[in-house]
Structures are given as structure tokens and as C-alpha cells.
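Engineer: Numbering (the working numbering), first residue to last: 99 to 197.
Beta carbons: idealized from backbone N, C-alpha and C, even for Gly.
This one's a predicted model, so the numbers in the text were calculated from it and none came from an experiment.
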């Protein structure tokens, strides 16, 4: 707002400082008195759940990869066997005609 000439705007002499009111501290319940709080207990349970999930995923992934490897070996074995048999029969036929 504009002030008229001759009127000065009054400046506050004391600044009002607001201090935040402290929040009442949440009292932790102990699961094991003096050693383990409810929050710590819940964190431990969550960590254990995470570890179990990781172990299950590792086990599942290991089984899937093992099965994929076996399937790949079977596929390669069939291809190799057919290729070997074809070469062997071709050599036998060639020898029959050459000798």
C-alpha cells in the first residue's frame, strides 16, 4: 500500500518470533523390555520377509535356468546326433563307391 506524503508507515519495534510447539514424543512400546521396540520388531519382520522372498526368487530362478540349460543341451544333442549320422552315412556311401 502507498503512504501519503507526511504520513510514515509505522514499523514494528519488536519482531514476533514463533517457536514451534514441541510435539509430544510418541512413547515406544517395548516388545522385549529395554531392548527391542515395536518399531524395531516390525523392521526385523519386514527384513525377514524380504529375505524369504529373495531366497524364493533365487530358488525359482535357479530351477528355471537349470531347466532351460537342459532343454538347450537336448536340442543341441539332437542336432549333433543327426549331423553326425548324416556325415557317417555319407562317408559309408562314398567308400562303397570308391572301393
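1. Who does residue 135 pair with in a DSSP beta bridge?
2. When the Cα atoms are used, what is the spatial distance from residue 159 to residue 194?
3. So what's residue 116 in DSSP terms, helix, strand or just coil?
4. Taking Cβ positions, are residue 127 and residue 136 nearer each other than 8 Å?
5. Can you tell me the Cα-Cα spacing of residue 187 and residue 176, whole angstroms?
6. Quick check: what's the CA-CA separation for residue 181 versus residue 197?
7. With a cut-off of 8 Å, does the C-beta of residue 193 fall near any C-beta of chain B?
Structural biologist: Checking against the coordinates, here is how it stands:
1. 128
2. 52 Å
3. coil
4. yes
5. 16 Å
6. 24 Å
7. Of the chains in the structure shown, none is chain B; there is only one protein chain.
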